[in-house]
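Each residue of the sequence shown is one higher than the one before, starting from 1 at the first, in the UniProt record's numbering.
Glycine is no exception: its CB is placed at the ideal position from the N, C-alpha and C atoms.
These notes concern the structure reproduced below.
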Amino acid sequence: MNELRPCAPISLKHILAQELIKGLRAVSDLLLRYNSNHMLRESESGLFLSLCRAFIEVAYPHCATCFGRCYPGGAAIIMDAKGLCQGVSRLLMVSPAREIPRPLNHAEERTVPENGETPVLENGDSPGVPDEPLVTNSDGNEKPTPGTDENQQDV
1 MNELRPCAPI
11 SLKHILAQEL
21 IKGLRAVSDL
31 LLRYNSNHML
41 RESESGLFLS
51 LCRAFIEVAY
61 PHCATCFGRC
71 YPGGAAIIMD
81 AKGLCQGVSR
91 LLMVSPAREI
101 PRPLNHAEER
111 TVPENGETPV
121 LENGDSPGVP
131 DEPLVTNSDG
141 NEKPTPGTDE
151 NQQDV
């Protein structure tokens, strides 16, 4: 759309609007077809509904805004056709409102990034590394050393 904006041919405004609407309708139909053809688990269902919500609330208006920046009044043409997404909107109304599931907090997932390097926190420490030094017992197990606190007094 950015390449089209400086030289957008006005005579193609309605033709391109219909093509964009056709593409958005295809996405809407695909989402509805996927929902009717697949039995989703609860976690998958929540993610699928989040995808549908993102399409209705983010992607569709964004496409309309971009088209409106290329053509005066173009956003209104696209938004007027938002009725094509009624099936997806009904799907969101019928399904109970759910939050996007939060990822599980496993230590391995937090400490091993995709590039393989050890992550560093803002304070310079590595996550998952204890603040206390470890000592190895005679049986080979590591345990934290008993720390001395400044507020503790020797008895």
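With respect to the 8 Å criterion, LEU16 and CYS63 are not classified as neighbours on the basis of their beta carbons. For VAL88, the enclosing alpha helix (DSSP H) starts and ends at 86 to 94.
Collapsing the DSSP output to three states places PRO61 in a helix.
Under the three-state reduction of DSSP, ALA76 is assigned to helix. Annotated as proximal: VAL88 and ILE56, with beta-carbon spacing under 8 Å.
For HIS14, the enclosing alpha helix (DSSP H) begins and ends at 13 to 37. For ALA54, the secondary structure class from DSSP, reduced to helix, strand or coil, is helix. Of the other Cβ atoms in all chains shown, 16 or more fall within 10 Å of the Cβ of TYR71; this residue is therefore buried. Contact annotation: LEU40 and LEU92 have beta-carbon atoms that are not nearer than 8 Å. The straight-line gap separating the alpha-carbon atoms of LEU31 and TYR60 is approximately 13 Å. Ranked by how close their Cα comes to the Cα of ALA75, the residues LYS13, HIS38 and CYS7 have LYS13 in first place. A Cβ-Cβ distance of about 14 Å is found for the pair LEU84 and ARG33, leaving them out of contact under the 8 Å criterion.
Measuring C-alpha to C-alpha distances from ALA54 to each of SER43, ASN37, SER36 and VAL27 identifies VAL27 as the nearest. Assigned with DSSP and collapsed to three states, ARG69 falls in helix. Residue environment analysis places CYS52 among the buried positions, since at least 16 neighbouring C-beta atoms fall within 10 angstroms of its C-beta.
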